[in-house]
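Below is one structure, written out as structure tokens; the observations come after it.
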Amino acid sequence: MNRTEMWRRLEAHSNAWDMIVVGGGATGVGVAIDAASRGYDVLLLEQSDFGKGTSSRSTKLAHGGVRYLEQGNIGLVMEALKERGLLLQNAPHLVRDLAFIVPNYDWWEAPFYGLGLKLYQLLAGKYGFGPSRILSREETLEHLPTLKTEGLRGGAVYYDGQFDDARLLIHMVATAFEQGATLLNYVEVTGLTKDAQGFVEGVSARDVEGNEFHATAKVVINATGAFSDLLRQMAEPAAKPMIVPSQGIHLVFDSSFLQGQNAIMVPHTSDGRVLFAIPWHGHTLVGTTDTPITAATLEPIAREEEVKFILATAAQYLAKAPTRDDVLSVFAGIRPLVRATGVANTAALSRDHVIHIERSGLVTISGGKWTTYRRMAEDCVDQAATLAQLPEKPCVTHHLHIHGFHDEAKQFGPLAVYGSDAREIRKLFEADARLSEPLHAALPYVQAEVVWATRHEMARTVEDMLARRTRALFLNARAALEMAPAVAKLMASELGWDETTRTKQLAAFRDVASNYVLHP
Ligand SMILES: Cc1cc2nc3c(=O)[nH]c(=O)nc-3n(C[C@H](O)[C@H](O)[C@H](O)COP(=O)(O)OP(=O)(O)OC[C@H]3O[C@@H](n4cnc5c(N)ncnc54)[C@H](O)[C@@H]3O)c2cc1C
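Under numbering that gives the first Met the number 0, think of the first position of the sequence shown as 0, with each following residue one higher.
Below, the structure written as structure tokens:
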């Protein structure tokens, strides 16, 4: 997979595409996989990097959502639990099951949560991950040695899935490519064009170098997440907004705050949300918040009150209370929630997905969750194909392996997330031993990963490499800043950057990375 081949496919395509998908997050790339694997002809355009939006900023859980069970949304929970199971089957190199402990400090919590979690387990049916059960105080502390002991009565354990969102996404891009789709990052859709009847018949687009082109399609799909209303209003300026953007942030600490391999789930924080503390790539990830915002941006910034809220809530449960100085990285993401009447706060808004078709034929898919991307794509392609009068073709993604599929990827150590690609990366450092050198003492990444992602994963900027091809920026922002010059040097030699480009790339990265460093 590389950009040159993607452009070649685009230029060789003189007739209308079956579908053009706008937006390269989980939703859009999921649609591209579904459509291409049915045999439709698909073009996907992403204005920035794949996953630059919400899809690299999630809590990284493939889950049914215990919280939605409490809200009574059994349908959503069952659907998500099934998708969680399919994801584990189709991408075992990228998804793993994880034990979550709900600590109990009140007498009623053990029977209450124990029962709810048993129902959660039963709803998964044959896609279940592991049996939930009530734990004694001692067992709870064995699972979570860093839990606050004062007042602790016991806990309940249940199982859910965990994954690396941006890494899964890039493997999904590769899957779509292998199924015949053409996907381009750094190409923005700047307008929609219509035929004589006022039906959307294509897009105007511009790449970062300023080259403009027009492409036509039998149907255009808007998968732009929190930006969906902007594209809808390109089609119909009077379209009423359907998205209610809501921000969620995470703080990342070192592994000492959550020793071991188990996660904490706090079902009721003071603002009525769920809080997770999760082991992730040798660090501790804690989140999240639910803050309504007025407009979506590509690089959202954590608010001071959100940081304080997470620090204060974590301090209630962890033996060692984390402070600002302990924060290695802070990142924010925006939920593309769909508006509903009579719902007072964003935490209560449904996480169901919505497919909306404008009078002009633009199909918008929004809402939903990372976990349910496959099902969302199936529904969307069914409806888009009907609208475009394409020949009916069944969905084949239930058992479609995600690129790099490998049952025993653990054997590849720090390269396990690459699945079968890990062998190719190893070949790079067998050919040149310097490429096995680490990029930073605090993180597990080696130089060969930069070469690999530039050649085969369409990484174009230092930020792509440090934020999404590796997760350095999300794990330890200061370490990522220190790695940046070495990464820029490797990319410069792969992509032929001159000194000015290299300097600009570094400056742009420093600018973005400053949002991930928590200042005293
Ligand atoms: C804090 C937080 C935690 C979450 N945790 C979880 C979780 O643990 N598990 C789970 O299942 N879900 C989770 N979610 C939900 C999940 O992350 C989102 O539902 C999902 O990532 C949305 O993907 P998307 O593709 O719709 O949007 P995005 O990932 O935002 O993608 C939209 C893309 O469209 C592009 N775009 C916009 N305009 C244009 C244009 N004009 N031309 C070209 N491209 C354009 C953007 O650049 C962007 O990349 C979480 C969400 C948040 C905010």
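Each residue gets a CB set at the ideal place from its N, CA and C atoms; glycine is no exception.
Backbone secondary structure at residue i - three-state DSSP
| i | result |
| --- | --- |
| E357 | coil |
| Q120 | helix |
| E448 | helix |
| Y157 | strand |
| A214 | strand |
| N89 | helix |
| T601 | With the chain represented from 0 up to 519, any question about residue 601 goes unanswered, as that position is not in the structure. |
| E187 | strand |
| S328 | strand |
| P236 | coil |
| P321 | coil |
| H170 | helix |
| S245 | strand |
| P266 | coil |
| T370 | coil |
| R132 | strand |
| L522 | There is simply no residue 522 to check, as the chain begins at 0 and stops at 519 in what is shown. |
| H352 | strand |
| G286 | strand |
| D163 | coil |
| S255 | helix |
| P443 | coil |
| F411 | helix |
| M77 | helix |
Beta-carbon spacing of residue i, residue j below 9 Å
| i | j | result |
| --- | --- | --- |
| G63 | G24 | no |
| I309 | L274 | yes |
| V450 | E436 | no |
| I300 | N514 | yes |
| I73 | P110 | no |
| A483 | F473 | no |
| A165 | A225 | no |
| F99 | A262 | yes |
| L230 | T363 | yes |
| A61 | V101 | no |
| L43 | L183 | yes |
| H282 | F252 | yes |
| V395 | S135 | no |
| I528 | S365 | Outside the shown range of the chain, which is 0 to 519, sits residue 528, and nothing can be said about it. |
| L317 | K117 | no |
| D351 | L122 | no |
| F128 | L86 | no |
| A90 | H397 | no |
Contacts around residue i, its chain only, beta-carbon distance under 6 Å, and the 5 residues preceding and following it disregarded
| i | result |
| --- | --- |
| R2 | M457 |
| T215 | A15, E200 and G201 |
| E187 | Q46 and R205 |
| G413 | With the sequence shown as reference, residue 413 is identified as Pro, and Gly is not the correct amino acid for it. Counting only Cβ-Cβ distances below 6 Å, and skipping sequence neighbours, we find P443. |
| E462 | F508 and V511 |
| S419 | G403 and H405 |
Best match in the options for proximity to residue i [C-alpha to C-alpha]
| i | options | result |
| --- | --- | --- |
| E4 | L167, A180 and L86 | A180 |
| A173 | A313, H455 and G71 | H455 |
| E10 | E423, L480 and E211 | E211 |
| E357 | L250, M264, N221 and G418 | N221 |
| E303 | H518, G495, S36 and R152 | H518 |
| Y39 | F411, D381, Q504 and H397 | D381 |
| T58 | P278, S419 and R338 | P278 |
| I354 | I333, D378, P335 and P244 | D378 |
| S55 | G286, L494, D96 and F330 | F330 |
| M264 | T287, I242, A383 and V251 | T287 |
| R152 | H398, W106, I19 and V41 | W106 |
| G332 | L297, P321, K307 and D351 | L297 |
| L520 | S365, S328 and G495 | Because the chain spans 0 through 519 in this model, residue 520 falls outside it and cannot be assessed. |
| A175 | I242, D33, K147 and G52 | D33 |
| G95 | G150, L505, R422 and D159 | It is Arg, not Gly, that sits at residue 95 in the sequence shown. Minimum Cα distance to R95 is reached at D159. |
| E391 | M0, W6 and D17 | D17 |
| T322 | P291, V337, R338 and V285 | V285 |
Contact set for residue i: own chain, Cβ-Cβ below 7 Å, skip 5 residues either direction
| i | result |
| --- | --- |
| E82 | T370, T371, R373 and R374 |
| L427 | L434, A447, V450 and W451 |
| A478 | H439, A441, L442 and A471 |
| T469 | Y444 and E448 |
| R501 | A487 and A491 |
| A79 | H62, G63, G64, K368, T370 and T371 |
Ligand 2 heavy atom lying under 8 Å from the CB of residue i
| i | result |
| --- | --- |
| V101 | Inclusion of ligand 2 in the displayed structure is not the case, the ligand content consisting of ligand 1 alone. |
Cβ-based neighbour list, residue i, same chain, cut-off 8 Å, excluding 5 preceding and 5 following
| i | result |
| --- | --- |
| E69 | G115 and P266 |
| K319 | T145, S255 and F256 |
| Q232 | A238 |
| Y185 | E45, Q46, S47, D48, D206, V207 and R459 |
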